[in-house]
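Below: the structure, in structure tokens.
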Amino acid sequence: HYFTNKDLHVEELIRKVPISIASRLSLFTLIDNAVKKGILLKESSVQGDKRKKSITPSDSFVKEYKDWLHHYISDIKS
340 HYFTNKDLHV
350 EELIRKVPIS
360 IASRLSLFTL
370 IDNAVKKGIL
380 LKESSVQGDK
390 RKKSITPSDS
400 FVKEYKDWLH
410 HYISDIKS
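According to this note's numbering, the sequence shown is numbered sequentially starting from 340.
Okay, structure coming up:
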């Protein structure tokens, strides 16, 4: 959703993860920990219901991901 400029809400993300992988409580805890560490940002939704929390990756996380992807692709090509 980040690269397509779409909001990703906490509930939407949790629904996408099968319960056999992680419980709702575990996912809420994981998201909250990522927010505390600065990996994710959690904000009130820009559109519509202000109670919905939108999740976006932090700028530093996006940079690290792009760097990792660049190195990964370079390693595959060589």
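Positions of the beta carbon are idealized from the N, C-alpha and C atoms, including for glycine.
Considering only the beta carbon of each residue, do I370 and L379 sit closer than 8 Å?
Position 31 of the sequence shown, counting from 1, holds the residue named residue 370. Position 40 of the sequence shown, counting from 1, holds the residue named residue 379. Result yes, Cβ atoms of I370 and L379 sit closer than 8 Å.
Spatial neighbours of S397 within its chain, please: C-beta separation below 8 Å, excluding the five flanking residues on both sides.
The sequence position of residue 397 within the sequence shown is 58, counting from 1. Non-local beta-carbon contacts of S397 in its own chain, meaning distances under 8 Å to residues more than five positions away in sequence, involve G377, I378, L379, L380 in chain order.
Residue-chain proximity (K355, chain B), Cβ-Cβ < 8 Å:
The displayed structure is made up of one protein chain only, and chain B is not part of it.
How far does the beta strand (DSSP E) with L379 in it extend, from its first residue to its last?
Counting from one through the sequence shown, the residue named residue 379 turns up at place 40. Unbroken beta strand (DSSP E) run through L379: 379-383.
The beta strand (DSSP E) that contains K420, what's its start and end?
This structure cannot speak to residue 420, because the chain is shown only from 340 to 417.
CB contact flag (K392, S383, <8 Å)
Position 53 of the sequence shown, counted from the first residue, corresponds to residue 392. Position 44 of the sequence shown, counted from the first residue, corresponds to residue 383. Yes, these two residues count as a Cβ contact at 8 Å.
Do L347 and I394 have their CB atoms nearer than 8 Å?
Here the question's residue 347 lines up with position 8 in the sequence shown. Here the question's residue 394 lines up with position 55 in the sequence shown. Cβ distance < 8 Å, so L347 and I394 count as in contact.
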